[in-house]
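Report on one structure; see the data block that follows.
Residue numbers (the working numbering): 55 to 591.
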């Protein structure tokens, strides 16, 4: 028996079932209509039953036992529109525990350790005195129960897609070789036949590229689906109430982009519940709905994905952030007084900036806001914050919707070609040598009455300097809230290219961020703009 095949199937199916359980928990926590709540309880039972059976068939006894105990507890409530409040909290923990156990199976293939704590607490709930089984609910028509038909689909792992893309890149390189032969064909007839064959090959390549990229794309729903359950569980632990609204779940983006966004978005959500939303009594005193609202939305335009998380909580204390930035030596006091709130808010992304004295289990978990920003910028994106005292805070993330296919500017530097992402480029300028000022080994130029640091890219990459008298161009970038000019020999083209990972032997060398495959099949290094800016920030 191919155990790996069945292990993979178990992980995929169990993950889907746990997503359904998270959605059902959200329905129960938000107190929707009785019919929806009763259906949610049924869903919890069915998904738990399925996980139990699959785990037992593969001898994942600890998973099967926890699911079995959970199923036993849920069984009397089938068809009921509610669960005991204490049981709802335990359900949150059980679903999270099952997620962790399935992750262990996925990563190691081994049976996860048993969760004795949860098993014991579920056993207590199953002791005599538990609620009697209710009368069966009235039967519903089959048409009411039948879910809408789903599109036919198949699971494809990202690694397989990446191999497809690498193969397409190889084909493009082969095509370039054939084009060179085409140009040197000895006769007109052979030249014509070569041309027709190449045209056909180009059409096939374009279709293949489009199809492969379609496989990489998935809906943002994949990123959003577990967040309402996480927010609900955390709110319950903190004595708060929350409703999570999702919009734009159908927006599509590269799987790799969504995978990298998962942890940053989870941290922003936890911050929203822990730091942002007030307790119900505090909200009522402020004439607010006692149920806090978190709205998650996604949109896409011009190859860019925008994800926005906003809550209607207390807002950020701008003066507390200002004081903390001064204490940390990040801001001069005389400068701080003149900075508007939107500039002050940028300091919350600096390491060590926190306006809370205590570190809670929640606020101390996972990555910090500095790591959130770094992760997003490594993907060629940016994050902004808006806040109003007493009204709430919003974080808006913008980044390329595809990482396998990016728009880049190809540059000539020291006789070599390199590429940089188009997204952080503000302008391409011609700056004469006489307009460049030097101070203490650093170079600057004036742009709209602002001194901009100038980095000689050939010098930074240890390439040959341009010949004397060569003016070149300056590429003006903005990243991490900082402007920087890159001095280059010349700008060659603006292209959409395939991007591969840097070879492992070079992966730790900054500022190499990837390898871009140009239309002629030649690979060039894609520079990571954040690394270039780091030396100046």
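Idealized CB from N, CA, C, for every residue including glycine.
Exercise for review: Quick one: grab the DSSP three-state call for residue 362.
Suggested key: strand
Point to revise | Proximity of residue 367 and residue 406 at Cβ, strictly below 8 Å | key: no
Check your understanding: What residues are listed by DSSP as bridge partners for residue 527?
Key -> 542
Review point. Alpha carbon to alpha carbon, how far is residue 310 from residue 272?
Key: 10 Å
Point to revise | Cβ shell of residue 579 (< 6 Å), same chain only, five flanking positions each side left out | key: 472 and 566
Point to revise | Residue range of the unbroken alpha helix (DSSP H) whose run includes residue 318 | key: 309-325
Point to revise | Residue burial classification, residue 592 (beta-carbon count within 10 angstroms, cutoff 16) | key: Outside the displayed range of the chain (55 to 591) lies residue 592, so it cannot be described from this structure.
Review point. Should the region 273-292 be called in touch with the region 421-440, which here means at least 3 C-beta pairs below 8 Å?
Key: no
Practice item. Look at the alpha carbon of residue 559 and the alpha carbon of residue 65, and state the distance between them as a whole number of angstroms. Key: 32 Å
Point to revise | Selected residue, minimal CA-CA separation from residue 574, among 568, 549 and 497 | key: 549
Review point. Pick from 328, 94 and 114: whose alpha carbon is nearest that of residue 285?
Key: 328
Review point. Near residue 176, what residues of its chain come up, given a Cβ to Cβ distance below 6 Å and the 5 sequence neighbours on each side ignored?
Key: 123 and 127
Point to revise | Integer Cβ distance of residue 581 from residue 474, believed to fall under 8 Å | key: 5 Å
Point to revise | Own chain residues within Cβ distance below 6 Å of residue 436, not counting five before or after | key: 452
Point to revise | Nearest-angstrom Cβ-Cβ length linking residue 121 and residue 106, presumed shorter than 8 Å | key: 4 Å
Check your understanding: Should the region 444-462 be regarded as contacting the region 306-322, the criterion being three or more beta carbon pairs within less than 8 Å?
Key -> yes
Point to revise | Nearest to residue 485 (by Cα), restricted to the options 499, 371, 171 and 463 | key: 499
Review point. Distance, Cα to Cα, residue 192 vs residue 88?
Key: Any reading at residue 192 must be qualified, since the residue scores a pLDDT of 35, below 50, and its modelled position is unreliable; the value itself is stated next. Straight-line Cα distance between these residues: approximately 13 Å.
Review point. Which word fits residue 543, buried or exposed, when buried means at least 16 other C-beta atoms lie within 10 angstroms of its C-beta?
Key: buried
Point to revise | Own chain, CB closer than 7 Å to residue 345, minus 5 neighbours either side, in chain order | key: 295, 296 and 297
Exercise for review: Compute the Euclidean distance between the alpha carbons of residue 160 and residue 112, then round it to the nearest angstrom.
Suggested key: 13 Å
Check your understanding: According to DSSP, which residues form a beta bridge with residue 500?
Key -> 505
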